[in-house]
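Take the position in the sequence shown, starting the count at 1, then add 2; the result is the number in my numbering.
This report concerns only the one structure given below.
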Amino acid sequence: MYNIKYIELKTGWADDGPAWIGHVKESKSGATLYFNDRAFQRCRGAAGNYVDLETGEVYWISGVKKNGEDRHWAGHGKVSIDRRLVSEYCAITGQSELDPQRYDMIDIEDRFPVERVTRLLNKKE
Numbered sequence: 003m004y005n006i007k008y009i010e011l012k013t014g015w016a017d018d019g020p021a022w023i024g025h026v027k028e029s030k031s032g033a034t035l036y037f038n039d040r041a042f043q044r045c046r047g048a049a050g051n052y053v054d055l056e057t058g059e060v061y062w063i064s065g066v067k068k069n070g071e072d073r074h075w076a077g078h079g080k081v082s083i084d085r086r087l088v089s090e091y092c093a094i095t096g097q098s099e100l101d102p103q104r105y106d107m108i109d110i111e112d113r114f115p116v117e118r119v120t121r122l123l124n125k126k127e
């Protein structure tokens with residue numbers, strides 16, 4: 003099962019980091035999220051709420067907002083959205099089409115590194 007989520011890189015970017023709307027896969031336990039060949043687990047911090055398990059970069063990940071205001075109010079920059087989700091996202095937000103000044107429609111491959119990250123998490127030190 004996949005969920006549509008808003009994902010924004012916070013490390014090194016504050017509120018202007020690269021951002022995506024795409025399919026996210028959740029682990030069976032719900033502890034790990036997978037998106038775009040990356041794996042994230044919840045963290046506590048002022049800037050973000052998830053950390054990339056392999057790079058240590060901090061991200062903000064949330065469900066998409068019904069009002070379409072997914073990026074932080076102080077943030078700038080276009081949000082990249084998986085073109086397969088445009089119709090569904092427009093239905094959620096009540097938009098008839100996406101504003102090309104705010105969104106880039108791109109292809110995001112569903113790559114969920116479950117096996118690789120499971121090996122990483124279970125590695126004995």
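Even for Gly, the Cβ is constructed at its ideal location relative to N, Cα and C.
Problem set entry | Minimum C-alpha distance to Leu35 - residue among Leu123, Leu122, Asn124, Phe114 | Phe114
Problem set entry | C-alpha gap between Ile6 and Ile83, whole angstroms | 10 angstroms
Exercise. Is the distance from the Cβ of Arg85 to the Cβ of Ile108 below 8 angstroms?
Worked result: yes
Exercise. Going by C-alpha distance, which of Glu28, Lys125, Asp112, Cys92 is nearest Glu71?
Worked result: Cys92
Problem set entry | Residue range of the unbroken alpha helix (DSSP H) whose run includes Leu123 | 116-124
For this session: Output the distance between the C-alpha atoms of Val117 and Ile9, rounded to the nearest integer angstrom.
Result: Note that residue 117 corresponds to Glu in the displayed sequence, not to Val. Roughly 22 angstroms separates the two Cα atoms.
Problem set entry | 6 angstroms Cβ shell around Phe112 - same chain, five flanking residues per side excluded | Position check: residue 112 holds Asp in this sequence, whereas Phe was assumed. Excluding residues within five positions, the ones whose Cβ falls inside 6 angstroms are His25.
Problem set entry | Beta-bridge partners of Asn5, as assigned by DSSP | Val26
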